[in-house]
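First to last, the sequence lines map onto chains W and L. For what it's worth, the working numbering labels the leading residue of the first sequence as 1, then goes sequentially. For what it's worth, the working numbering labels the leading residue of the second sequence as 1001, then goes sequentially. Beta carbons are placed, not taken as given, at the ideal position from N, Cα and C, and that holds for glycine. Worksheet: the structure to be examined is printed underneath.
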Amino acid sequence: MAEQDWLMNLQKETQLSTLLETNKFAEKFGLTLTKEDAEILVQERQNELKTQQRVEFGQGVLEKLVFAFSDSPYIYQDNYVDVLGRLQEMFYLYKNESMDQLSDDELIEFMKEKFDGECQGDLDYMEDTCLEKLAKWIRAHNHQFIGQYMEDLDEQ
Amino acid sequence: MNSDLYSMEELIPVVADLTRKYTSNESSSVSYETANQLMKAVRYCIRHLSNMDNEMMDTTSKLPAKKAYELGYKKVIEKVYRVKERYGEFIPTFCSFDNLNYEETVRKGIGGFFTYYDAKFDPMNTILTLDYPTLIPVTECSGIDAIERYLDYIILEQEFLNHLPKDYIKQVLNAYDADYKQQFYNIASVVLRFILAGAFVGKGVAIIDEIDLIKLQKMWKTQSKNQLEEQFYKILNKLVKQYFDGNQELYLYLKNDLKEFTVEIENATQFSGIEHLFFIV
Chain W
1 MAEQDWLMNL
11 QKETQLSTLL
21 ETNKFAEKFG
31 LTLTKEDAEI
41 LVQERQNELK
51 TQQRVEFGQG
61 VLEKLVFAFS
71 DSPYIYQDNY
81 VDVLGRLQEM
91 FYLYKNESMD
101 QLSDDELIEF
111 MKEKFDGECQ
121 GDLDYMEDTC
131 LEKLAKWIRA
141 HNHQFIGQYM
151 EDLDEQ
Chain L
1001 MNSDLYSMEE
1011 LIPVVADLTR
1021 KYTSNESSSV
1031 SYETANQLMK
1041 AVRYCIRHLS
1051 NMDNEMMDTT
1061 SKLPAKKAYE
1071 LGYKKVIEKV
1081 YRVKERYGEF
1091 IPTFCSFDNL
1101 NYEETVRKGI
1111 GGFFTYYDAK
1121 FDPMNTILTL
1131 DYPTLIPVTE
1141 CSGIDAIERY
1151 LDYIILEQEF
1161 LNHLPKDYIK
1171 QVLNAYDADY
1181 KQQFYNIASV
1191 VLRFILAGAF
1201 VGKGVAIIDE
1211 IDLIKLQKMW
1221 KTQSKNQLEE
1231 QFYKILNKLV
1241 KQYFDGNQEL
1251 YLYLKNDLKE
1261 FTVEIENATQ
1271 FSGIEHLFFI
1281 V
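Structure (structure tokens):
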């Protein structure tokens, strides 16, 4: 059990350090995470994975979310942690809702486009409209999406 | 090799690696269902590693989980090719005697299995429901193991059936059930029971009639289930020795039907009469 705790702590430390490394990129946009912020986000990741009944073997998707969303005009230092947390929550939810038909990059790209575009930074609106619509469309068509979702949805 | 030799901690990196391949590195996470499936895939392949491969290593240590999985996966692939080749050699001689279930399960079903079987990510999935029932059910194994065993049984019963004139078999099946072509029972069982009944009344390979049924009813009513079973085993053993070079596998396969047959005879002699065992009206 002690060995298992040690391994889990090592994994957590690795995730924390990876997340804090993203500050080097995000600070160009005036965004930084403190160690406490990173711990909150890592813990939320664990909780969300459990809630959504998913397993993640690598470092997680937070790093990708930081790189994708840092330049958003709707994210600033005051809401940075909360937005990242919500984005992470929606990401795992909609990976399930889209039946794993979307790659990580496809889903993140879609979320970023909608967040900055028609949703104007409103996460609730994004979840209730754009992401729901996307998931419904995928479930109805069960289509291999990679690289093609934009054109198909536009045709709707 | 028993996959339980490996702890979860040892297997997780192997499953993680397989997950990356499963998602083509496009997804950082998978559902519990997918993760369970891939864990089962790893365990399935490790189980295929024979003890012989393990003996090649130092006997004081077991193979690393990754190596055991890779070797086991290779064994699974080899088995798939072996079974496919055997199926390819067998299928030209296969005869379903116009029974649709038999035809579709063996010719289309098993043929299709090799097209859709996923040895890498879902090797334990048998895919088919194997609707045509063999005399020994294939329940304890899955995936390619199930198909291999099922094929073994089909080949055995075909060997038995091909020894008899096709016209006789069709005559027996038509006598048993005019709708046999649409039904879901085992063809070899019907023919075997007719032959065994015929042996009791000294008729050999011929259709038993009402007079034979009366004789059989009298003979069987006086015997216990165990006595009947022993007699059937003797007749079957003699048959297999005489016509099938004493093929023990065939004997054991066909023998599996006889317990149920004797139970049915016991019930029939007490209640409904044995004609229902041989002729469905």
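Of the residues assessed, Gln-1270 (chain L) falls on the exposed side of the cut-off, its CB having fewer than 16 other CB atoms within 10 angstroms. Contact annotation for Gly-85 (chain W) against chain L: no contact, minimum CB-CB distance about 16 angstroms [criterion: below 8 angstroms]. DSSP places Val-1014 (chain L) in the helix class (H, G or I) of the three-state scheme. Scanning its chain for C-beta atoms nearer than 8 angstroms, with the 5 sequence neighbours on each side dropped, one finds around Gly-85 (chain W) the residues Ile-40, Leu-41, Glu-44, in chain order.
Nearest in C-alpha terms to Ala-1175 (chain L), of all of L:Lys-1234, L:His-1276, L:Phe-1184, L:Val-1076, is L:His-1276.
Residue burial annotation: Ala-140 (chain W) is exposed, with fewer than 16 other C-beta atoms found within 10 angstroms of its C-beta. Proximity of the stretch 1211 to 1223 of chain L to the stretch 1175 to 1194 of chain L falls short of the contact definition, fewer than three beta-carbon pairs being nearer than 8 angstroms.
By the CB criterion at 9 angstroms, Pro-1013 (chain L) and Ala-1065 (chain L) fall inside the cutoff. Its chain contains Leu-65, Phe-69, Met-111 as the residues whose beta carbon lies nearer than 7 angstroms to that of Leu-87 (chain W), once the 5 sequence neighbours on both sides are disregarded; these appear in chain order.
For Glu-56 (chain W), the enclosing beta strand (DSSP E) begins and ends at 54 to 56. The beta-carbon separation of Asn-1256 (chain L) and Leu-1135 (chain L), rounded to 5 angstroms, stays under the 8 angstroms limit for a contact. By the criterion of a C-beta distance shorter than 8 angstroms, Tyr-1150 (chain L) is surrounded in its chain by Ile-1110, Leu-1130, Thr-1134, Val-1138, once the five residues flanking it on both sides are discounted. No Cβ-Cβ contact shorter than 9 angstroms links Met-1124 (chain L) with Ala-1016 (chain L).
The Cβ of Arg-1043 (chain L) sits no closer than 9 angstroms to any Cβ of chain W.
Within the stretch 1013 to 1026 of chain L, the residues whose Cβ lies closer than 7 angstroms to any Cβ of chain W are, in chain order, Ala-1016, Thr-1019, Glu-1026. Classified as buried, Gln-15 (chain W) has 16 or more neighbouring CB atoms from the shown chains inside 10 Å of its CB. Looking from the CA of Val-1190 (chain L), the closest CA among L:Phe-1097, L:Lys-1108, L:Ile-1147 belongs to L:Phe-1097.
Looking at the DSSP output, Ser-1029 (chain L) shares a beta bridge with W:Glu-56. The three-state secondary structure of Leu-102 (chain W), taken from DSSP, is coil. Taking C-beta separations shorter than 8 angstroms and ignoring five residues to either side along the sequence, the partners of Lys-1166 (chain L) in its chain run Cys-1095, Phe-1097, following chain order.
Around the Cβ of Tyr-1069 (chain L), a 10 Å sphere holds 16 or more other Cβ atoms; the residue is buried. In the three-state reduction of the DSSP assignment, Leu-1164 (chain L) falls in the coil class. Not a single C-beta of chain L is nearer than 9 angstroms to the C-beta of Phe-69 (chain W). For Phe-1278 (chain L), the enclosing alpha helix (DSSP H) covers residues 1275 to 1278. Residue range 1225 to 1243 is occupied by the alpha helix (DSSP H) that includes Lys-1225 (chain L). Scanning chain W for C-beta atoms nearer than 8 angstroms to the C-beta of Tyr-1032 (chain L) yields Gln-53, Arg-54, Val-55, reported in chain order. At a Cβ-Cβ threshold of 9 angstroms, Phe-1113 (chain L) and Leu-1128 (chain L) count as neighbours.
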